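Numbering (the numbering used here), first residue to last: 526 to 1007.
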RNA sequence: GGGUUCGUCGUCUAGCCUGGUCUAGGAUUCGAGGUUUGGGACCUCGCGACCCCGGUUCAAAUCCGGGCGAACCCA
C-alpha cells in the first residue's frame, strides 16, 4: 500500500485515504459524481444530524421542495440567473419527445422555494418563516472536481431559507445563522474564520454575505459555509408580500445559508494523519473496535465470550453533546491481528481494544488510541470510564492540532511582496491593508494570483492601503481557493 | 482562459521510442486450499487489462487523426 504525506502530497493523500477507508468510490463513470460508500455515508449522516438538530433548536422547520424548476421561474431574478446560469443543467426532452416547458435542475433552491413562499406568506403573523432542506443539487463544474470537496452533484446540500418582516429582523437572522454555524463547526472540530465577502464576490442576487473559511493541508483556502442576506431582491422578483400591522403590504426581507458534504471532506482532511483517517467521536461510524487475538486452541471460545461481554457493557452508552451512541464492533475476521490493526487505523476508529488469552486471565484489556497510536493496559472494571475519558481526549488532541494548523495558516503582511511570497511558499490566507475600494481589492487579488476572501468586520487596522496609499479601512484577506 | 503530460487486470505498474518475440509481464487485491495468528507473515493454485471511434500496415497496446477522461504547470 502506497503512503503519502498529508502535507507534501495532499492530493494523493486525500484520494488514497478516501479510497482505502471506504468513504467514497471515485470510479463512478462520470466526472464530478462520486459514490458515497456505507462507512462514509454513516459519517455523513451523523454530520447531517448535528446540523438538523441545531437548526431545529433555533426554530427552523424541515421541508422538501422539488428538484426541477420551470425555466421561466428560474429566470426571474436576473443577478441570480447570471451567477448560476452557467452551471445549471436544463432538462428539455425525453427519449421520445421534447418537453412542452423547459425545466432546470436546481443548483440551489431559491427558485423552487420562493414561489411557494409568496403563496404561504400573507400576514406579518406568518413571519418569520424559517425553513430548511437537505437535498441534492447539481452544479455543472467545468474545472477541477474532487471527491466531497467539489462535485457536480452535491448530495447533502443543507440550505436554510428565511423570510422576515423587516431589515433588522433579517440582520438578526444573519447573526443567528452565524451562531448556528459556529456551533456546528465546533461540533465537527473544524477551525474557521468568518469574513465579510467583498461586494464584487457577493452571492448572486444578494445584498451581502459572510463566509466561513479554513485552510486545507495543501495550503489552499476553502469556503466552508455562506451566510447570505438576500435583502428584498428575490421578494420583489417572486412577489413575496405580507400585510403588516399597519395594514400596508410590504415585501419580505430574506436570508439563506447553506453547507454540504464538503464539510465532511474538510473534516477528514484536517483531522487525518499519514496513517489515514482519525474520526472524531461526533462523526465516527464506529467508536471502538474489539480485536480478538486467537491461538486456534480451546481458549478461543473464552476470548470471544469476553469480547462479547465487553461489547455488551457499552450497550446504550452515549457520548458527546448529541448523546450519540458509542458504537462497538468486534472484528472476528479470519485474518491476522496486525492486518486488523492497520485496517482500523486507516479507517480512523478512535479506540481499539485487543483481547487475547492474557487479558481474559487477568480481566484486563489492551487499549490502543488512534490519536497518539499508543497502547495501555486497562482493568475491566474501569473500561467504561476510561473509554469515555479517552474518546474526549482524542477529540481534544485532534481539534488542537487542527487549530494549531489553522492559526499558522492565516497571516498578515506589510507588503504585497511578502504576502505573495507567503502564498507561494506556504499558501494559506494572507491579510493586507486595504482602503475598501473595489479596484484596489481586485488589483491585490491579481497580483497575489489568488482571490479575495473578505475582511473581518471587527478587526481594527491602522495605516495605508497597500495599492493606492489612502487610509486603510480593513485588513483584507486573500488566498488560493478551492 | 493558455500550455504540458498521460490513459494497460479492482489498484499500482512493465511493455510503446525502434509495429511482429504480447497467447501482454510483475506487485498487490480478490477466490480456493494449506500454514499461521500479540503489528500488514508465508506457500500452492486460480480469476483478472491494452479508454472509445477511425486511419496507416501483411501485421497496431505500440504509429497517425479525432473523441472522451485524468494529472500537472502557467495566467
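For every residue, glycine included, the Cβ atom is placed at its ideal position computed from N, Cα and C. Given the structure is predicted, the values throughout are model-derived calculations rather than measurements.
Can you tell me whether residue 815 is buried or exposed, with buried defined as 16 or more other CB within 10 angstroms of its CB? Looking up residue 815 in the first chain gives position 290. Residue 815 sits buried, since 16 or more C-beta atoms from the chains shown fall within 10 Å of its C-beta.
Identify, in the order they occur along the chain, each residue of the same chain with its Cβ nearer than 6 Å to the Cβ of residue 963, setting aside the five sequence neighbours on each side. The residue you call residue 963 lines up with position 438 of the first chain. Here the set comprises 725.
Cross-strand partners of residue 632 (DSSP beta bridge): Counting from 1 along the first chain, the entry for residue 632 is found at position 107. For residue 632, which the question treats as bridged, DSSP gives no partner whatsoever.
Boundaries of the alpha helix (DSSP H) in which residue 563 is found, first to last residue: Sequence index remark: in the first chain, residue 563 carries index 38 (1-based). Element bounds for residue 563: 563 to 582.
One or two residues paired with residue 658 in a DSSP bridge: To locate residue 658, count along the first chain from 1; it is residue 133. DSSP, once it has assigned bridges, lists 684 as partnering residue 658.
Of the residues 681, 859, 1006, 846, the one placed nearest residue 786, counting alpha carbons only: Taking the first residue of the first chain as position 1, residue 786 is located at position 261. Cα-wise, what sits closest to residue 786 is 681.
Using three-state DSSP, classify residue 877 as helix, strand or coil. Residue 877 sits at position 352 when you count from the first residue of the first chain. Judged by DSSP in its simplified three-state form, residue 877 adopts strand.
Sequence ranges, alpha helix (DSSP H) only - wholly within the region 945 to 999, length at least 4: With a minimum length of 4 residues, the continuous alpha helix (DSSP H) runs that stay inside the region 945 to 999 are 963 to 972.
Nearest-angstrom Cα separation, counted from residue 894 out to residue 915: In the first chain, residue 915 corresponds to position 390, counting from 1. In the first chain, residue 894 corresponds to position 369, counting from 1. Straight-line spacing of the CA atoms in residue 915 and residue 894 works out to 8 Å.
For residue 920 and residue 543, what's the separation of their Cα atoms in angstroms? Here residue 920 is taken as the residue at index 395 of the first chain, counted from 1. Here residue 543 is taken as the residue at index 18 of the first chain, counted from 1. Straight-line Cα distance between these residues: approximately 20 Å.
Measure the Cβ-Cβ separation of residue 783 and residue 685 and say whether it is below 8 Å. The count along the first chain starts at 1 and reaches residue 783 at position 258. The count along the first chain starts at 1 and reaches residue 685 at position 160. Yes.
What number of angstroms, rounded off, separates the C-alpha of residue 653 from the C-alpha of residue 751? Counting from 1 along the first chain, the entry for residue 653 is found at position 128. Counting from 1 along the first chain, the entry for residue 751 is found at position 226. Straight through space, the alpha carbons of residue 751 and residue 653 are spaced by roughly 20 Å.
Measuring CB atoms only, is the region 986 to 1006 touching the region 937 to 952, in the sense that at least three cross pairs come out at less than 8 Å? Flag = yes, the region 986 to 1006 and the region 937 to 952 touch.
Along the chain, where does the beta strand (DSSP E) that runs through residue 817 open and close? As a position in the first chain, residue 817 is number 292, starting the count at 1. Where residue 817 is concerned, the enclosing beta strand (DSSP E) stretches over 813 to 817.
Which two residues bound the contiguous alpha helix (DSSP H) that contains residue 778? In the first chain, residue 778 corresponds to position 253, counting from 1. Element bounds for residue 778: not the alpha helix (DSSP H) but the beta strand (DSSP E), 778 to 784.
Does DSSP put residue 526 in a helix, a strand or coil? As a working mapping, residue 526 is identified with position 1 in the first chain. Residue placement at residue 526 cannot be trusted, given a pLDDT of 43 that sits under 50; what the coordinates show is reported in the next sentence. Annotated three-state conformation of residue 526 is coil, per DSSP.
From the DSSP output, which residues share a beta bridge with residue 675? In the first chain, the residue the question calls residue 675 occupies position 150. As a beta-bridge residue in DSSP terms, residue 675 pairs with 671.
When we look at the beta-carbon of residue 821 and count the other beta-carbons within 10 Å, is it buried (16 or more) or exposed? What you label residue 821 is simply residue 296 of the first chain in a count that begins at 1. With fewer than 16 other beta carbons inside 10 angstroms of its own, residue 821 counts as exposed.
On a CA-only basis, which of 841, 877, 842 is nearest residue 854? Give me that one, please. On the first chain, position 329 is the one that residue 854 refers to. Of 841, 877, 842, the residue nearest in Cα terms is 877.
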